[in-house]
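Asks: In our numbering, the protein residues as written are 2 to 151.
1. Since residue 101 and residue 75 are thought to touch, with beta carbons under 8 angstroms apart, how far apart are those beta carbons, to the nearest angstrom?
2. Using 8 angstroms as the Cβ pair cut-off and three pairs as the minimum, do the region 37-52 and the region 60-67 touch?
3. Could you please give the first and the last residue of the uninterrupted alpha helix (DSSP H) stretch that includes residue 16?
4. When we look at the beta-carbon of residue 83 and count the other beta-carbons within 10 Å, is it buried (16 or more) or exposed?
5. Inspect the beta-carbon positions of residue 96 and residue 77 and report whether they are closer than 8 angstroms.
6. Taking its Cβ as the centre, do 16 or more other Cβ atoms sit within 10 Å of residue 119, making it buried, or is it exposed?
7. Take residue 153 and list the residues in its own chain whose beta-carbon comes closer than 6 angstroms to its own, dropping the five residues that flank it on each side.
8. Can you tell me whether residue 61 is helix, strand or coil according to DSSP?
9. Mind checking whether residue 66 and residue 33 have CB atoms under 8 angstroms apart?
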């Protein structure tokens, strides 16, 4: 019996490592995708490679899309300070459309691989002001993915 394929977005953090572990536990052959989006901490990408290897990803790819060129986030712009305390509203650490971009890249690779599943390590708890971590966003992207691919 052939195991289904999945693309798993792997950032190097705990949530994405858990997403990869869950995908593997569910029997998926996992293709890990990490994205250098201009984040200030490139060490995340080295951690992502270690996580992908340790958790048995079939392949790990690193793509680069420099969202720092767009700006607007403390995570990609050194001139914007990362706050030490939480604030109300959308925090300055929100990277505009980051998860939309990451999921779009994962969707493109999934289509090429013939994978029908994508895993991303976001939770409703992550929402805390990040609009692209909401369950409604993930559901809407899943709908878009079904409309936009063959």
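We put the beta carbon where it would ideally sit given N, CA and C, even for glycine.
All values derive from a computational prediction rather than experimental measurement.
Replies: Reading from the atomic positions:
1. Not really, about 19 angstroms apart at Cβ, beyond 8 angstroms.
2. At 8 angstroms Cβ cutoff, the stretches touch.
3. Segment 15-26, the alpha helix (DSSP H) holding residue 16.
4. In the assembly as shown, residue 83 is an exposed residue. Its beta-carbon has fewer than 16 other beta-carbons within 10 Å.
5. Yes, the pair counts as a contact, with Cβ atoms nearer than the cut-off.
6. Its Cβ being crowded by 16 or more others within 10 Å, residue 119 is buried.
7. This structure cannot speak to residue 153, because the chain is shown only from 2 to 151.
8. Strand.
9. No, the Cβ-Cβ distance between residue 66 and residue 33 is not below 8 angstroms.
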